[in-house]
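> Quick note: the sequence shown uses our numbering, first residue 2, plus one each step.
We put the beta carbon where it would ideally sit given N, CA and C, even for glycine.
Nothing here was measured: the structure is a model prediction, and the numbers come from that model.
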Amino acid sequence: MWRTVKVKGAIVSVWLSTSSRSAVTGSVSIANPWRFQMSGSVKRARSSRWRRRAAPRSSTRSWRSRRRRAARSRPLDSRAMAPPKRFPDRDEIAAVREEAAALEPGSESPEGRRLAGRVMARRGMGKLVFLDLVDRSGRLQLMCDTGRTGEIDVHLGDVVGVVGKPAKTRRGEPSLAVDSLEILSRNRNPLPDTFHGLTDQETRYRKRYLDLLMNEDTREAFLLRTRMVSAIRRYLDEEGFVEVETPILQPRYGGAFAHPFVTHSNELDADLYLRIATELYLKRLIVGGLERVYEIGKDFRNESISYKHQPEFTMLEWYEAYADYRDTMERMEELLERVALETLGTTVVRFRGHEVDLRRPWRRLRFVEALEDLAFQTLHPRKYAELKAMVADQRADREAQVAKAAEILGDELAKADIPAEITGRAKHLYSIYDKMAKRGREFNEIYDLTAMRVICERSGEDGTRDCYAALGIAHSLWKPMPGRFKDFIAMPKLNRYRSLHTTVIGPEGKPLEIQVRTREMHEEAEYGVAAHWLYKRGRRVKADDEWLAWVKSLMDWQGDEQDRPDVHKNPVDRIKLEPLAHRSCY
2 MWRTVKVKGA
12 IVSVWLSTSS
22 RSAVTGSVSI
32 ANPWRFQMSG
42 SVKRARSSRW
52 RRRAAPRSST
62 RSWRSRRRRA
72 ARSRPLDSRA
82 MAPPKRFPDR
92 DEIAAVREEA
102 AALEPGSESP
112 EGRRLAGRVM
122 ARRGMGKLVF
132 LDLVDRSGRL
142 QLMCDTGRTG
152 EIDVHLGDVV
162 GVVGKPAKTR
172 RGEPSLAVDS
182 LEILSRNRNP
192 LPDTFHGLTD
202 QETRYRKRYL
212 DLLMNEDTRE
222 AFLLRTRMVS
232 AIRRYLDEEG
242 FVEVETPILQ
252 PRYGGAFAHP
262 FVTHSNELDA
272 DLYLRIATEL
282 YLKRLIVGGL
292 ERVYEIGKDF
302 RNESISYKHQ
312 PEFTMLEWYE
322 AYADYRDTME
332 RMEELLERVA
342 LETLGTTVVR
352 FRGHEVDLRR
362 PWRRLRFVEA
372 LEDLAFQTLH
382 PRKYAELKAM
392 VADQRADREA
402 QVAKAAEILG
412 DELAKADIPA
422 EITGRAKHLY
432 SIYDKMAKRG
442 REFNEIYDLT
452 AMRVICERSG
462 EDGTRDCYAA
472 LGIAHSLWKP
482 MPGRFKDFIA
492 MPKLNRYRSL
502 HTTVIGPEGK
512 PLEIQVRTRE
522 MHEEAEYGVA
532 AHWLYKRGRR
542 VKADDEWLAW
552 VKSLMDWQGD
562 EQDRPDVHKN
572 PVDRIKLEPL
582 AHRSCY
């Protein structure tokens, strides 16, 4: 308990606590620039001894700081700290602000509202006191007339509950005209700058609660993430996926290449690992017949720490039976577009100064093409920038020309009963640069920049007939350019590449390249033929004997390694050699 005593003319506050031996110990909070220290103890209240010692000289400011620290560290009794208060049936600030914004300036709504939140600003003007109240939904100005509410004993950071009516000031500021105000919780520590918010990045990351309290952008990011996760769950649930929970402690870690966190089970007397991925257990559920499963869960990887890599992170994984990577690509596009629309209201998002449009369809790019463009940009930055500017300058015209030609050709194919898919055929920058360099051509002489692909849906001989029929229809619509027709169906390349190529004068009077092939030919050329690398490398068959011999030696070595169980196999090397395992391609 606290007791105030007078010792040699000084007023001293003493905190007394009684131990099991009935001894009294004390700590002193002084009210003048002297420091007192209790010496000894009082046993059964028989004797006491005080010793006074002059405090070292210090500035008045430091003395006041000590007083404030002592006051903050002083235990509070039940009178100073009331139990938590209820404030039921409250409204959110965002809804009340919207209601007040719809009023006329200087008017007030007859409906009463109850709000609760934290006071983040205070202003005074005569008998009017203006407070800024903040909750998780937003901020609203409170108008307190001291003649109606009484004296407003509110400090920054206090949590209050108010009852009042939505109103709009004469200057048009949405507000709440307060009828009554109640202190729900006092703030004991001063807040940072409430105008600029918390700007120190180190403090923001170490004290997230303070960052959430001071910065509205941080609160919005937290709420946005919650809405995003809910939208993802909603989409997957509607698509027939089952959400599951898989073990976090695993006897064997897998599903990724990463260092795990290791722990020990006392009951099992065995080491366990925090999972690095949910893949293995989700695949077992697919084997068990659930067909479509997903999990949004925590994974742990004992590796580096940066702003883009955390040891503890949340990952979404889903697995779907009777589908392949192409279905997953389509689903990913649909998922991200829908989540962006539901959470942001638009498909255009900004990231580090760049605008990214998540609207479907997305550009499809092979890894080889992506690496070629990246290497081209790194090794020849000036040429890359020039070529990129030239391609971008005419992109809109090319897309319009291809769209118009595809519509005309699609109508004619439908009349001829030829089921086909017509798409644009985008060229990546390195392939354009490579063609210009090897053939000594200028940019305007590259005719296949504006190109489209016709994929006939029928297979076998019917599909082949559809390809030639589609080519004839294209030649009847637009004049073909001499010397630009190539028949790789009748005379396929040595790597089994098959398609029809032609260049015509399109509907805009500009060259338009058309590629025609069946779905089977398309999948074989784009996804299934390793020998297609020869065509992409632009080399002659005779010049590739040495390269083919090297590839075959790698496959022979791989077969030898698989026959030797005693040899430790590097999983990374196995993945690199997987495309070479199908010898039938050669």
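Could you spell out where the beta strand (DSSP E) holding His355 opens and where it closes?
Working through the sequence shown from its first residue, we reach residue 355 at position 354. 355-358 is the extent of the beta strand (DSSP E) around His355.
> With a cut-off of 8 angstroms on the beta carbons, I'd call Leu273 and Pro252 a contact; round off their distance for me.
Within the sequence shown, numbered from 1, the residue matching residue 273 stands at position 272. Within the sequence shown, numbered from 1, the residue matching residue 252 stands at position 251. Contact flag correct, Cβ pair sits at about 6 angstroms.
> Could you compute how far the alpha carbon of Thr61 sits from the alpha carbon of Arg187?
Residue 61 sits at position 60 when you count from the first residue of the sequence shown. Residue 187 sits at position 186 when you count from the first residue of the sequence shown. Unreliable positioning characterises Thr61 in this predicted model, as indicated by a pLDDT of 48, which lies under 50. A coordinate reading is not provided.
> Answer with buried or exposed for Phe377, where buried requires no fewer than 16 other C-beta atoms within 10 angstroms of its C-beta.
Counting from one through the sequence shown, the residue named residue 377 turns up at place 376. By the 10 Å Cβ count, Phe377 comes out buried.
> How would you label Arg327, buried or exposed, when you count the other beta carbons within 10 angstroms and need 16 or more for buried?
Residue 327 sits at position 326 when you count from the first residue of the sequence shown. Answer is exposed; the Cβ neighbour count stays below 16.
> May I have the straight-line CA-CA distance separating Leu129 from Tyr206, to the nearest angstrom?
Here residue 129 corresponds to residue number 128 of the sequence shown, with the count starting at 1. Here residue 206 corresponds to residue number 205 of the sequence shown, with the count starting at 1. Each residue's alpha carbon lies about 38 angstroms from the other.
> Using 8 angstroms as the cut-off, can you tell me whether the segment 93-110 makes contact with the segment 166-183, which would need three or more C-beta pairs spanning the two stretches below that distance?
In short, these stretches touch, since the Cβ pair count reaches three.
> Would you report the Cα separation of Val517 and Val349, rounded to the nearest angstrom?
In the sequence shown, counting from the first residue as 1, residue 517 sits at position 516. In the sequence shown, counting from the first residue as 1, residue 349 sits at position 348. Rounded to the nearest angstrom, the two C-alpha atoms are 34 angstroms apart.
> Report yes or no: do three or more beta-carbon pairs, one from the segment 467-478 and one from the segment 403-415, lie closer than 8 angstroms?
With a cut-off of 8 angstroms, the segment 403-415 and the segment 467-478 count as touching, because enough Cβ pairs lie within range.
> Would you decide whether Leu77 is buried or exposed? Buried here means 16 or more other CB atoms lie within 10 Å of its CB.
On the sequence shown, position 76 is the one that residue 77 refers to. Only weak support is given to the placement of Leu77: the predicted model assigns it a pLDDT of 48, under 50, and the question is left unresolved by the model.
> In the DSSP assignment, find the unbroken alpha helix (DSSP H) run with His523 in it and report its ends.
Residue 523 sits at position 522 when you count from the first residue of the sequence shown. It spans 520-524 - the alpha helix (DSSP H) in which His523 sits, taken as one unbroken run.
> What are the boundary residues of the alpha helix (DSSP H) that Lys389 is part of?
Position 388 of the sequence shown, counted from the start, is the residue given in the question as residue 389. Segment 382-394, the alpha helix (DSSP H) holding Lys389.
> Looking at Tyr434 and Asp374, is the spacing between their C-beta atoms short of 7 angstroms?
For the purposes of this step, residue 374 is taken as residue 373 along the sequence shown, with counting starting at 1. For the purposes of this step, residue 434 is taken as residue 433 along the sequence shown, with counting starting at 1. Against a cut-off of 7 angstroms, the Cβ pair of Tyr434 and Asp374 comes out as no contact.
> Would you identify the three-state DSSP class for Thr451, choosing helix, strand or coil?
Along the sequence shown, read from residue 1 onward, the residue named residue 451 stands at position 450. Coil, per DSSP.
> If you count every other CB in all the chains shown that lies within 10 Å of the CB of Tyr308, and 16 or more means buried, which is it?
By 1-based counting over the sequence shown, the position of residue 308 is 307. Tyr308 comes out exposed.
> Starting from the C-beta of Glu338, find all residues in its chain whose C-beta is less than 7 angstroms away, skip the five residues before and the five after it, and write them out in chain order.
Counted from its first residue, the sequence shown places residue 338 at position 337. Cβ neighbours of Glu338 beyond the five flanking positions: Thr348, Leu359, Arg360, Arg361.
> Arg440 lies in the alpha helix (DSSP H); which residues open and close that run?
Translated into the one-based positions of the sequence shown, residue 440 becomes position 439. It spans 430-440 - the alpha helix (DSSP H) in which Arg440 sits, taken as one unbroken run.
> Per the DSSP calculation, Asp300 is bridged to which residue(s)?
Here residue 300 refers to the residue found at position 299 when the sequence shown is read from its first residue. Phe314.
> When burial is assigned at 16 or more other CB atoms within 10 Å of the CB, is Ala32 buried or exposed?
Here residue 32 is taken as the residue at index 31 of the sequence shown, counted from 1. Because the pLDDT of Ala32 is 40, which lies under 50, any placement of that residue in the model is unreliable, and the number read from its coordinates should be weighed accordingly. Exposed.
> Would the beta-carbon of Leu104 fall within 7 angstroms of that of Val163?
Counted from its first residue, the sequence shown places residue 104 at position 103. Counted from its first residue, the sequence shown places residue 163 at position 162. No. Outside cutoff.
> Given a cut-off of 7 angstroms, decide if Val455 and Ala401 are closer than it, judged by their beta-carbon atoms.
Residue mapping note: residue 401 aligns to position 400 of the sequence shown, counting from 1. Residue mapping note: residue 455 aligns to position 454 of the sequence shown, counting from 1. Contact: no.
> Please indicate yes or no: does the CB of Pro362 lie closer than 6 angstroms to some heavy atom of the ligand GDP?
Absence of the ligand GDP is noted for the structure shown, with no ligands found whatsoever.
> Would you mind reading off the limits of the alpha helix (DSSP H) that contains Glu465?
Residue 465 sits at position 464 when you count from the first residue of the sequence shown. At residue 465 the sequence reads Thr, which differs from the Glu that was named. That run of the alpha helix (DSSP H) goes 461-478.
> I'd like the span of the alpha helix (DSSP H) that includes Asp238, first residue to last.
Counting from one through the sequence shown, the residue named residue 238 turns up at place 237. Taken as a continuous stretch (DSSP letters only), the alpha helix (DSSP H) holding Asp238 covers 217-239.
> What residue range does the beta strand (DSSP E) around Met144 cover?
The residue you call residue 144 lines up with position 143 of the sequence shown. Residues 139-146.
> So, Arg171 versus Pro111, is the Cβ gap smaller than 7 angstroms?
For the purposes of this step, residue 171 is taken as residue 170 along the sequence shown, with counting starting at 1. For the purposes of this step, residue 111 is taken as residue 110 along the sequence shown, with counting starting at 1. Cβ atoms of Arg171 and Pro111: not closer than 7 angstroms.
> Give me, in chain order, the residues of the same chain whose beta-carbon lies closer than 8 angstroms to that of Gly148; leave out the 5 immediate sequence neighbours on both sides.
In the sequence shown, counting from the first residue as 1, residue 148 sits at position 147. Lys128.
> Under 7 angstroms Cβ to Cβ from Leu185, same chain only, skipping five residues before and after it: list those, please.
Along the sequence shown, one-based indexing puts residue 185 at 184. So the list reads Lys86, Phe88, Ala117, Val160, Val161, Gly162, once near-sequence residues are dropped.
> DSSP three-state call for Arg351: helix, strand or coil?
Position 350 of the sequence shown, counted from the first residue, corresponds to residue 351. Three-state result, Arg351: strand.
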